[in-house]
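S.K.:
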Amino acid sequence: MEPEYVRIFDTTLRDGEQTPGVSLTPEEKLEIAFQLDKLGVDVIEAGFPSASKGEERAVKEIANAGLRAQV
4 MEPEYVRIFD TTLRDGEQTP GVSLTPEEKL EIAFQLDKLG VDVIEAGFPS
54 ASKGEERAVK EIANAGLRAQ V
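Pasting the structure below:
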């Protein structure tokens, strides 16, 4: 019997910033995305690009960062 594969889908960059008092810069989001990728996360939800110009920039940078994870 083959072992099942567990796929990790992370929402830190999307849901995490919805926490009161939490505000991440595009640079911080990119660093978090790199670390999640390093951990082997399969899918990273990068955020809401339509929310603001800063959010749009962060999502674009993460999507173009060459990560193994699906963004």
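Heads up: the sequence shown runs through residues 4 to 74, numbered per my numbering.
A virtual CB, placed ideally from N, CA and C, is assigned to each residue, including glycine.
Source: prediction; values computed, not measured.
With a threshold of 6 Å on Cβ separation, who are the neighbours of ASP13 within its own chain once the five nearest residues in sequence on each side are excluded?
M.R.: Within the same chain, ASP13 has close Cβ partners LEU39, VAL44, ILE47.
S.K.: Specify the secondary structure class of ILE47 as computed by DSSP and reduced to three states.
M.R.: Three-state DSSP puts ILE47 in a strand.
S.K.: Measuring only the C-alpha atoms, how far is ARG17 from ARG60?
M.R.: Those two C-alpha atoms are separated by around 14 Å.
S.K.: Give me the DSSP bridge partner(s) of ASP13.
M.R.: Per DSSP, ILE47.
S.K.: Exposed or buried, which one is GLY24 when buried takes at least 16 other CB atoms within 10 Å?
M.R.: With fewer than 16 other Cβ atoms within 10 Å, it is exposed.
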